[in-house]
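Taken in order, these protein sequences are the chains called G and Z. For reference, each letter of the first sequence is one residue, going 29 to 416 in the working numbering. For reference, each letter of the second sequence is one residue, going 29 to 416 in the working numbering. For reference, the structure is listed below as C-alpha cells.
There are 2 protein chains.
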Amino acid sequence: MLFNPYFADLSNVYLFAEAENRLRAFLARTKPNNVIKMGIGDVTQPLCAAAVEAGKTAVEEMGKAESFRGYGPYRGYPFLIKSIAAYYKSRGISLDEDEIFISDGSKSDVAGFTDLFAKDNTVLLQDPVYPVYADANILHGRKIVYASATMENGFLPLPDERVKADIIYLCSPNNPTGAVYSAADLEQWVAYAKSMGAVILFDAAYEAFVTEDKKVRSIYEVRGADEVAVEFCSFSKTAGFTGVRCGYTVVPKKLANLNALWFRRQSAKSNGVSYVTQRMAEAALTNEGQKQTAAAREVYRKNAQVILQALRKTGVFHTGGVNAPYIWFKCGGSSWDFFDRLLNEVQVVGTPGVGFGRNGEGFFRLTAFNTYKNTVEAMRRIQSVLRA
Amino acid sequence: MLFNPYFADLSNVYLFAEAENRLRAFLARTKPNNVIKMGIGDVTQPLCAAAVEAGKTAVEEMGKAESFRGYGPYRGYPFLIKSIAAYYKSRGISLDEDEIFISDGSKSDVAGFTDLFAKDNTVLLQDPVYPVYADANILHGRKIVYASATMENGFLPLPDERVKADIIYLCSPNNPTGAVYSAADLEQWVAYAKSMGAVILFDAAYEAFVTEDKKVRSIYEVRGADEVAVEFCSFSKTAGFTGVRCGYTVVPKKLANLNALWFRRQSAKSNGVSYVTQRMAEAALTNEGQKQTAAAREVYRKNAQVILQALRKTGVFHTGGVNAPYIWFKCGGSSWDFFDRLLNEVQVVGTPGVGFGRNGEGFFRLTAFNTYKNTVEAMRRIQSVLRA
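Laid out in C-alpha cells, this is it:
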C-alpha cells in the first residue's frame with residue numbers, strides 16, 4: 029500500500045497543533061498558573077441563552093420516541109436553512125434554499141470542497157494565509173501560487189492578470205491580518221475570476237465583525253459574484269460555536285454544476301450535523317439570539333480596542349481589529365522566537381505570523397477572543413516585552 | 029477550473045438519496061399515511077436516559093462562562109477516549125489512548141481515511157458493499173477490484189492470493205447482508221493483508237449486534253491484526269446516535285505511520301466534534317448507559333426475529349438478522365422493480381440490493397430499526413407481495 033506522497037509537502041504539524049505542543053512543554057516544565065491565551069481564535073464568552081434553551085429542548089426531544097430524530101437531511105434541516113436564508117435576506121441578498129448546505133464547520137467545508145476539483149488546477153492563495161486552504165490543496169498535489177499580502181498593499185492584494193489561476197481563496201475579514209476588502213476590491217476579483225474561468229472560494233467566517241459601512245460582509249454584495257463564487261460561513265465566531273461545530277456553505281446554482289457536485293460529495297462522505305446542534309444554530313439566528321450574540325461580539329470588539337490602544341503606545345506597526353477579531357503586528361525578527369519569548373517571559377500565547385506564510389515572518393497575530401480582564405493584562409505584559 | 033473527473037464514475041445519486049427521491053415522488057402523488065420505512069438503517073428508539081441527562085448538563089455548561097468550552101482536542105476529549113478504551117478493555121482488547129480518534133461518525137472517517145493513500149493503490153471491496161467505500165475511492169481515481177459475496181459463500185468471501193490488493197475493506201457484521209466473519213475467517217484476511225503489504229479498513233459499526241459467541245466484534249481479537257488493520261466504529265446504531273453524530277476510529281501505532289498521518293489529516297481538515305455530543309457518547313458507555321442502549325437494541329433484535337419468521341414462511345432465501353440489524357433476502361428479478369412494487373402496492377420502503385453492487389441484483393435489504401408494531405405490519409404486507 030502506498031501513502032499519499034503529498035503529506036511530505038505539508039509542514040510536519042498543523043500550525044495551531046505546534047503552538048499547543050510548545051505550550052504543553054512549557055506548562056510541564058514550569059507549571060505557571062498565569063498563562064493567557066491570545067493564540068488560536070477560540071472564543072470565551074458562553075453560548076447565548078437562546079442557543080442553550082434550544083439545545084436543552086432538542087436533547088429532550090431526542091429522548092422521547094414521539095419526537096426522536098435519526099439521520100437528518102444531507103443538506104441540513106430546512107428550519108436552519110430557512111433561518112440562514114432570512115439572515116442573508118436581512119442584508120439584501122436573496123438565496124434559494126437549495127443553495128445553502130449545513131456542515132459541522134467552515135474548516136471541514138473549506139477543506140472538503142477541494143474534492144470537487146481535478147488535480148491539475150492552479151490554486152491562488154494569499155500569503156499570509158489560513159493554513160487549511162494550503163494544506164487541503166497540497167494533499168491533492170495541486171500547484172499553488174501566492175499573491176503577496178504586505179504592509180505596502182494593506183494586506184489586501186488585488187488580482188494580477190499575468191498570474192493564471194483556477195481556484196482562488198479569499199478570506200475577508202481576513203484571518204490572520206484582520207484586513208477587509210471593499211466592494212470595489214471584490215469587483216476586481218470577480219472580474220478576474222470570470223476572465224480566468226476560475227472559481228472564488230470566499231471565506232466569510234468573520235463577517236459579523238464588520239463594523240464599517242463600506243466593507244463587504246458577503247461576496248454576493250458584488251454583482252455577478254454568484255456566477256463565480258462559493259461562500260463559506262460559520263457560527264463559530266459569530267455565535268461562539270467553536271465547541272459546538274456548525275457552519276454553512278453557499279453554492280449558487282448559477283455556478284456551473286458545483287451545487288450538484290457538492291451535494292453528491294456531501295451525501296457520499298458525510299451524514300450531516302447533529303439535530304441538537306442545528307436547533308442551537310437556529311436559535312442563535314432568532315431576533316433574541318442575534319441580540320445576545322451581538323452582545324458577546326461587543327466584548328470582543330472592546331478587547332480589540334484594548335489591543336489596538338496598547339500597540340499604538342508601543343509604536344509598532346499593526347493592522348486589523350476594527351472589522352475583525354484579529355490584530356496583526358510587526359514583532360520583527362523571527363515570529364517563532366517572539367512566540368517563545370512571549371510564552372517564556374510573560375506567559376502569553378499568540379500565533380507566529382510565519383505560520384501563515386513567508387510574508388508573515390516578523391509578524392504576530394493576537395486574537396480579541398479572551399476575556400476583557402485577560403486582554404488588559406496580556407497587553408500590559410506584551411507592551412513590556414515590546415518596549416524591552 | 030477543471031472539475032474532479034472521477035465524479036463521472038460515481039452513480040448519479042447516492043443510493044439512499046435515490047430511494048428518498050422515489051419515496052418523495054410517491055408521497056407527492058398519492059399522499060398515503062401508512063408508509064413504513066425499512067430502508068435506510070435509521071434507528072427509531074429514543075436516546076437512552078443517560079445520554080439525554082448528559083446532553084442537557086453539557087449544554088448548560090456551555091451557557092456559563094466558567095464551564096464554557098471552545099475548540100476541543102483534535103483527537104477528541106480524553107474523557108470519551110478513556111471510555112472507549114475501557115469499552116474495548118471489557119472485551120479483552122488493550123488500546124493506547126492515542127490510538128483512538130473521535131469523529132462525527134464512521135461514514136466521515138471511512139471516507140476521509142482514503143486521503144491517506146496514494147492514487148495508485150488497488151482497493152479490494154466486497155460485492156455487495158456499503159456504497160461509501162466505493163464512492164470515496166472512486167473520487168480518488170483508484171482501481172477497485174471486487175470479491176464476490178454470494179449465496180454460495182454465505183456472503184463471506186475469503187481472500188484469494190491471486191488477487192493483488194493494497195487497501196481492503198471488510199464490514200462485519202455486514203452491511204447490507206448481515207453476514208458475520210468468524211475469527212478463523214479474519215485470520216485468513218490478516219495473513220493475506222500481511223503478505224500483500226496491504227491495510228485492512230475494518231468497519232465494526234454493527235459490533236454491538238453480535239449475539240453468537242464465535243463471531244468477532246473487533247478485528248483486534250485476531251492476533252497480529254494491529255499490524256495491518258484500522259477499525260471504524262460508531263455510536264449510531266449501538267446507542268441510537270444517527271441524529272447525534274459520533275463515531276471513532278482506532279489506528280494502531282504498530283501500523284506504519286498511519287496514526288501520525290491520520291492525526292495530521294484530521295487536524296488539517298476538521299475541528300473535531302461537539303463537546304455536547306462527546307458528553308452524550310461518554311454517558312452511553314457508562315454501566316447505566318450500556319444497560320439502557322442494550323434494551324433499545326433488544327427491540328431491534330426482536331424486530332429482526334419478526335422479519336426472519338415472516339420470510340421463513342414465504343420460503344424465500346434470506347440471511348442476516350441474527351448478529352446484525354440487517355436482513356438480506358432474494359426478491360428475484362430487478363431489485364429496483366421490487367422496491368417500486370413494495371412502495372406502490374403496500375407502502376413499505378426497503379433498499380434494493382443492486383444499490384450495493386451487481387451481486388445484489390435480485391436481492392433486497394430490510395432493517396430491523398423500525399418499531400415492533402411497524403415491523404409486524406410491514407412483514408404482513410411484504411408477505412402478501414412475496415406470495416402474490
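For glycine and all other residues, C-beta sits at the position ideal for the given N, C-alpha and C. Given the structure is predicted, the values throughout are model-derived calculations rather than measurements.
| Asked | Found |
| --- | --- |
| Expected contact under 8 angstroms - CB spacing of Asn398 of chain G and Ile64 of chain G to nearest Å | 6 angstroms |
| Range covered by the beta strand (DSSP E) that runs through Asp137 of chain Z | Premise fails: Asp137 of chain Z lies in the alpha helix (DSSP H), 134 to 140, not in any beta strand (DSSP E). |
| Assigned exposure category for Tyr337 of chain Z - 16 Cβ within 10 Å defines buried | What sits at residue 337 of chain Z in the sequence shown is Gln, not Tyr. By the neighbour-count rule (16 or more Cβ atoms within 10 Å), Gln337 of chain Z is not buried but exposed. |
| Inter-residue spacing [alpha-carbon to alpha-carbon] between Gly275 of chain G and Gly360 of chain G | 36 angstroms |
| Range of the contiguous beta strand (DSSP E) that encloses Gln318 of chain G | Counting along the chain, Gln318 of chain G falls outside any beta strand (DSSP E), though it belongs to the alpha helix (DSSP H) covering 315 to 342. |
| For Lys110 of chain G, the first and last residue of its enclosing alpha helix (DSSP H) | 106 to 117 |
| Residue-level contact to chain G via CB, Pro106 of chain Z, 8 angstroms cutoff | no |
| Cβ of Val374 of chain G within 8 angstroms of any chain Z Cβ | no |
| Where Ser434 of chain G meets chain Z, residues with beta-carbon distance less than 7 angstroms | Nothing in the structure corresponds to residue 434 of chain G, since chain G is present only between 29 and 416. |
| Cα-Cα separation, Ile247 of chain Z to Thr277 of chain Z | 13 angstroms |
| Neighbouring residues, chain G, relative to Glu88 of chain Z (Cβ below 8 angstroms) | Val80, Lys84 |
| Of the residues Z:Gly268, Z:Leu214, Z:Asp254, the one placed nearest Tyr234 of chain Z, counting alpha carbons only | Z:Gly268 |
| Residue environment, Met179 of chain G, which counts as buried when at least 16 other CB atoms sit within 10 Å | exposed |
| Validate contact between the region 36 to 52 of chain Z and the region 292 to 312 of chain G using beta carbons, cut 8 angstroms, 3 pairs | yes |
| Beta-ladder partner(s) of Ile64 of chain Z, from DSSP | Z:Val376 |
| Separation of Arg190 of chain Z from Gly133 of chain G, as counted between CA atoms | 44 angstroms |
| Members of the region 186 to 208 of chain G near chain Z, C-beta cut-off 7 angstroms | Asp194, Ile195 |
| Delimiting residues of the beta strand (DSSP E) encompassing Ile172 of chain G | 171 to 176 |
| Closer than 9 angstroms at the beta carbon, the chain G residues around Ser223 of chain Z | None at all; the shortest Cβ gap to chain G is about 13 angstroms. |
| Span of the beta strand (DSSP E), counted from its first residue to its last, around Lys358 of chain Z | 354 to 358 |
| Option in Z:Thr72, Z:Gly385, Z:Leu371, Z:Glu389 with minimal Cα separation from Ala406 of chain Z | Z:Leu371 |
| Proximity to Met66 of chain G [Cα-Cα], best of G:Asn299, G:Gln375, G:Asp194 | G:Gln375 |
| Segments of 4+ residues assigned as alpha helix (DSSP H) that fall wholly inside the region 162 to 245 of chain Z | 211 to 224 |
| For Tyr276 of chain G: DSSP bridge partner residues | G:Ile130, G:Cys261 |
| Of the residues G:Lys341, G:Thr342, G:Gly349, G:Phe392, the one placed nearest Phe366 of chain G, counting alpha carbons only | G:Phe392 |
| Positions along the region 244 to 272 of chain Z whose CB lies within less than 7 angstroms of some CB in chain G | Thr270, Gly271, Val272 |
| Beta-carbon gap between Asn299 of chain G and Lys135 of chain Z smaller than 8 angstroms | yes |
| Val304 of chain G and Val272 of chain Z closer than 8 angstroms at C-beta | yes |
| C-alpha distance - Glu310 of chain Z paired with Ala79 of chain Z, whole-angstrom precision | 8 angstroms |
| Beta-bridge pairing of Arg103 of chain Z - partner residues as DSSP gives them | According to DSSP, which records beta bridges pairwise, Arg103 of chain Z is partnered with nothing at all. |
| Beta-bridge pairing of Phe31 of chain G - partner residues as DSSP gives them | Z:Phe145 |
| For Phe384 of chain Z, the three-state DSSP class (helix, strand or coil) | helix |
| Backbone CA spacing between Asp231 of chain G and Phe291 of chain Z [nearest angstrom] | 24 angstroms |
| Below-8 angstroms beta-carbon distance, Thr314 of chain G vs any chain Z residue | no |
| Sheet register partners of Asp70 of chain G (DSSP bridge) | DSSP, once it has assigned bridges, lists no residue as partnering Asp70 of chain G. |
| Rounded C-alpha distance that separates Gln306 of chain G from Leu286 of chain G | 24 angstroms |
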